[in-house]
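Heads up, the thing below is written out as structure tokens.
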Amino acid sequence: MGEITLGQYYPTNSILHRLDPRVKFLGTLVYVVSLFLVRGPFGYAFCGAVLLVLIFLSKVPFLYVLRSLKPILFIMIITMAFNVFLTPGTILWRWGFLKITEEGIRMAVKMGIRLVFLVTGSSIMTLTTTPNSLTDGMESLFGFLRIFHVPVHEIAMMMSIALRFIPILTEETDKIRKAQIARGADFETGGFIKRMRAMIPLLVPLFVSAFRRANDLAMAMEARCYHGGSGRTRMKPLRYERRDVVAYAAMAAFLAICIVFSVTGL
Numbered sequence: 007m008g009e010i011t012l013g014q015y016y017p018t019n020s021i022l023h024r025l026d027p028r029v030k031f032l033g034t035l036v037y038v039v040s041l042f043l044v045r046g047p048f049g050y051a052f053c054g055a056v057l058l059v060l061i062f063l064s065k066v067p068f069l070y071v072l073r074s075l076k077p078i079l080f081i082m083i084i085t086m087a088f089n090v091f092l093t094p095g096t097i098l099w100r101w102g103f104l105k106i107t108e109e110g111i112r113m114a115v116k117m118g119i120r121l122v123f124l125v126t127g128s129s130i131m132t133l134t135t136t137p138n139s140l141t142d143g144m145e146s147l148f149g150f151l152r153i154f155h156v157p158v159h160e161i162a163m164m165m166s167i168a169l170r171f172i173p174i175l176t177e178e179t180d181k182i183r184k185a186q187i188a189r190g191a192d193f194e195t196g197g198f199i200k201r202m203r204a205m206i207p208l209l210v211p212l213f214v215s216a217f218r219r220a221n222d223l224a225m226a227m228e229a230r231c232y233h234g235g236s237g238r239t240r241m242k243p244l245r246y247e248r249r250d251v252v253a254y255a256a257m258a259a260f261l262a263i264c265i266v267f268s269v270t271g272l
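Position in the sequence shown (from 1) plus 6 gives the number in our numbering.
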């Protein structure tokens, strides 16, 4: 379970770590949108090159970033298989009702690349941004929604807590799993049904631990007189620096290039 890096912060001194969290949040959104704009090999190659540059600038070890892909391998395989066998087009191979088409292979490759780039890009944001900074950035970006009575601060706080709980629950799951194995539990052998039943001794204490931690957190917030976002101040107010303006300009240039790739089909 230690392969999950989403929600974990990797402390180091890089230019991406020093960027304003609002820039990184919007940059991640722009990158995700660009993955669905480009359609050709040159467009995907450009997005991949930009992703490699971001990993280099973040100073996070490349293998550490790639660990974020392991939890989605099963989903990626299933998604690619559905595209290969269910996409109509020129049939390359058929066996009964199963068939592989040329269009299906292309779609499967595109979907696999999109998933890899999407998860890796999102991981870079969380690896270079503390949960508190991410919460402040989201609250600042979507503050205008308060006009429509949207609880922006509460939503941002919930997302921050969720990101904090990911590595905590991951570590807790690993501890419970090792404890159950020491007591003779078997999670590896047997059929699908047997493995699902073997997960019960793992899931029950995990849920109990999660609810206990949530209750402790709620009591701690109440003890500190937490009452939402109205009238709250920050120890470190968000201010744009020159590097943030440069990052916005690079972001606009990146989106423009992706639009060109989308229009030309390259």
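For every residue, glycine included, the Cβ atom is placed at its ideal position computed from N, Cα and C.
Buried or exposed (CB count within 10 angstroms, at least 16 for buried), residue i
i: residue 225; result: exposed
i: residue 19; result: exposed
i: residue 182; result: buried
i: residue 157; result: exposed
i: residue 130; result: buried
i: residue 107; result: buried
i: residue 110; result: buried
i: residue 294; result: A question about residue 294 goes unanswered here, because the residues of the chain that appear run from 7 up to 272.
i: residue 159; result: buried
Residue i versus residue j - alpha carbon distance
i: residue 188; j: residue 60; result: 42 Å
i: residue 252; j: residue 29; result: 10 Å
i: residue 94; j: residue 87; result: 13 Å
i: residue 149; j: residue 266; result: 32 Å
i: residue 170; j: residue 137; result: 7 Å
i: residue 92; j: residue 24; result: 45 Å
i: residue 113; j: residue 44; result: 13 Å
i: residue 153; j: residue 74; result: 37 Å
i: residue 102; j: residue 180; result: 43 Å
i: residue 119; j: residue 76; result: 14 Å
i: residue 7; j: residue 263; result: Confidence at residue 7 is low in this model, with a pLDDT of 46, below 50, so the placement of that residue is unreliable and no value is reported for it.
i: residue 271; j: residue 47; result: 9 Å
i: residue 215; j: residue 201; result: 22 Å
i: residue 244; j: residue 63; result: 22 Å
i: residue 217; j: residue 51; result: 44 Å
i: residue 67; j: residue 133; result: 11 Å
DSSP bridge partner residues for residue i (one or two, in chain order)
i: residue 100; result: 105
Neighbourhood of residue i by C-beta, 8 Å cutoff - its chain only, sequence neighbours within 5 removed
i: residue 165; result: 140, 141, 144
i: residue 257; result: 29, 32, 33, 36
i: residue 249; result: 21, 24, 25
i: residue 72; result: 126
i: residue 268; result: 43, 44, 45, 49
i: residue 96; result: 107, 108, 109
i: residue 174; result: 219
7 Å Cβ shell around residue i - same chain, five flanking residues per side excluded
i: residue 191; result: 204, 207
i: residue 57; result: 123, 126, 127
Other residues of its chain near residue i: CB distance less than 6 Å, five sequence neighbours each side excluded
i: residue 135; result: 27, 30
i: residue 15; result: 136
Open item on the list: Ignoring anything shorter than 4 residues, give me the alpha helix (DSSP H) runs that lie fully in the region 11-81, in order along the chain.
Closed with: As far as the region 11-81 is concerned, its whole alpha helix (DSSP H) runs of at least 4 residues are 21-24, 27-43, 47-64, 68-72.
- [ ] Go through the region 164-224 residue by residue and report every complete run of the alpha helix (DSSP H) that reaches 4 residues or more, in order.
- [x] List check, alpha helix (DSSP H) in window: 198-204.
Task: Ranges of the alpha helix (DSSP H) found wholly within the region 246-271, counting only runs of at least 4 - done: Counting whole runs of 4 or more residues, the region 246-271 contains the alpha helix (DSSP H) stretches 248-270.
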